[in-house]
């Protein structure tokens, strides 16, 4: 019984303990239930803060990448702009040239300096195979050059080096002496019986020798454009028409040169050197172009085309069919207009800009009739053909070439024709092909710049070969060989 009572007592105590604990557990559970929403809210708030912190951290981590992306975009845009405006592969000028925009020689001069250094460090045998990989990308200068400026710089330097010889020096010296009349042979003149003969064979005694003419700005620095010559048209300088009166004032102004000045400069250079260096080539080309107006004057040997060239046709020393090819390449000829707009010499923008300018001056600004007539004078008609860009497709349609917008050079034809006429009247042998190459080098030294009034190397070559009694094809063959040789020396040097 004692044992049973003790068991009952223990059971009683356990029940009492349980009973006493139940309210505490219930209270605890009640408190927990009451605090559950607050705890959940606190947890959610904590999670929200944690999410905001992570989102902010994520956004902050993306900022550098966004900045880098925008920087890359700006850098790419700047690079593309510079390549298009200042280093376009078909252009030899730049927008930001410090002059009129797309008119300065600065880029060409820099390229020619680099070409000269390449030639001086020529090591073609080690690099010949490497450059063959670039052949499919060569779309300029008979598909021999990667860019137009490479073509212009390389061919000018190569041709200049080619004619820097004693033979060229002797050839030019003889040509100049014949032109002046120092070697005129009266027996040859009697035999040939030319249509017109000057009263004094020494043309340095003529009035024209000390007078400026329409070519007197040829090769003369133009501070406005940054090149040479009378003017240049570009997209930033689209209107070049100022009339005949302005042209005469400029070509007879202080900067313009007389034939005498040109000849004296050339004579001094020829005396100082035994070869025909680059300075002598430029001076010779300038003298030939300016002095031609003296030689083919009304008081001397007669008009360059109506008399001198005609006499060549009669003697067979110039082929008229070949000369006609030069004429038919000029702007607005039927033969040129029959070509694709991308292959022709005739400018599209030039005439449009010319007529627009005349219309504006006449209808809007109401210029007097005499000034309008001055702007439209036929002597200035060639200016309307000056293009905005001096590039066109080659006849095959695969590749590009430099173009003046004036067609094959009848100026070069006439200059060469006068030289040949002077040699014949002096009893000397007519110009050989080697002599013609020398004349091409001299004229190219003057014309190979960014001037608006100039001729390309191909145009000069065609004109010179035809003017000496050869063919247009001879000019093309020479041009292609020059491009090939210059390319090999330029890219492998």
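Residue numbers (full-length UniProt numbering): 1 to 493. Where is the CB? At the ideal position from N, CA and C, for every residue including glycine. On a predicted model such as this, the values are computed, not experimentally measured, just so you know.
For residue i, which of helix, strand or coil comes out of DSSP?
i, result
"residue 373", "helix"
"residue 458", "helix"
"residue 393", "strand"
"residue 227", "strand"
"residue 365", "coil"
"residue 28", "With a pLDDT of 42 at residue 28, under the threshold of 50, the predicted position of this residue should be treated as unreliable, though the coordinate-derived value follows. Three-state DSSP puts residue 28 in a helix."
"residue 222", "strand"
"residue 201", "coil"
"residue 470", "coil"
"residue 196", "coil"
"residue 298", "coil"
"residue 465", "helix"
"residue 303", "coil"
"residue 89", "coil"
"residue 428", "coil"
"residue 100", "coil"
"residue 239", "coil"
"residue 171", "helix"
"residue 333", "coil"
"residue 254", "coil"
"residue 408", "coil"
"residue 105", "coil"
Quick check: what's the CA-CA separation for residue i versus residue j?
i, j, result
"residue 210", "residue 258", "6 Å"
"residue 275", "residue 352", "47 Å"
"residue 474", "residue 295", "26 Å"
"residue 460", "residue 70", "50 Å"
"residue 266", "residue 170", "13 Å"
"residue 89", "residue 222", "25 Å"
"residue 565", "residue 361", "Since the first residue of the chain shown is 1 and the last is 493, residue 565 is not available in this structure."
"residue 240", "residue 377", "14 Å"
"residue 485", "residue 74", "41 Å"
"residue 318", "residue 192", "15 Å"
"residue 462", "residue 372", "36 Å"
"residue 356", "residue 414", "33 Å"
"residue 316", "residue 469", "8 Å"
"residue 159", "residue 65", "53 Å"
"residue 354", "residue 363", "14 Å"
"residue 284", "residue 68", "57 Å"
"residue 303", "residue 311", "11 Å"
"residue 175", "residue 87", "40 Å"
"residue 370", "residue 249", "17 Å"
"residue 332", "residue 256", "30 Å"
"residue 491", "residue 148", "14 Å"
"residue 135", "residue 379", "44 Å"
"residue 471", "residue 78", "48 Å"
"residue 63", "residue 456", "54 Å"
Tell me which residues share the same chain as residue i and place their Cβ nearer than 7 Å to its Cβ, disregarding the 5 neighbours each side in the sequence.
i, result
"residue 374", "243, 244, 245"
"residue 343", "392, 393, 395"
With distances taken between CB atoms, is the gap from residue i to residue j smaller than 8 Å?
i, j, result
"residue 293", "residue 442", "no"
"residue 289", "residue 215", "yes"
"residue 324", "residue 227", "no"
"residue 225", "residue 92", "no"
"residue 212", "residue 184", "no"
"residue 489", "residue 119", "yes"
"residue 407", "residue 336", "yes"
"residue 478", "residue 140", "no"
"residue 234", "residue 108", "no"
"residue 196", "residue 307", "yes"
"residue 350", "residue 412", "no"
"residue 416", "residue 436", "yes"
"residue 345", "residue 403", "yes"
"residue 145", "residue 487", "yes"
"residue 202", "residue 219", "no"
"residue 179", "residue 429", "no"
"residue 427", "residue 188", "yes"
"residue 454", "residue 98", "no"
Please check the pair residue i and residue j, which I expect to be a contact at CB under 8 Å, by giving their CB distance rounded to whole angstroms.
i, j, result
"residue 446", "residue 431", "That belief does not hold up - the Cβ atoms of residue 446 and residue 431 are roughly 19 Å apart, past 8 Å."
"residue 236", "residue 452", "Not confirmed; about 13 Å, so no contact."
"residue 405", "residue 386", "6 Å"
"residue 410", "residue 334", "Not confirmed; about 17 Å, so no contact."
By Cβ distance below 8 Å, which residues in the same chain neighbour residue i in space, the five residues on each side in sequence not counted?
i, result
"residue 206", "198, 200, 294, 297, 299, 300"
"residue 33", "With a pLDDT of 46 at residue 33, under the threshold of 50, the predicted position of this residue should be treated as unreliable, though the coordinate-derived value follows. Once the five neighbours on either side are set aside, residue 33 has no close Cβ partner at all."
"residue 273", "169, 280"
"residue 95", "85, 86, 101, 102, 236"
"residue 164", "275, 276, 277, 278, 281"
Beta-carbon within less than 6 Å of residue i's beta-carbon, same chain only, minus the 5 sequence neighbours each way: which residues are those?
i, result
"residue 313", "320"
"residue 448", "156"
"residue 153", "111, 112, 115"
"residue 367", "361"
"residue 238", "353"
"residue 142", "480, 483"
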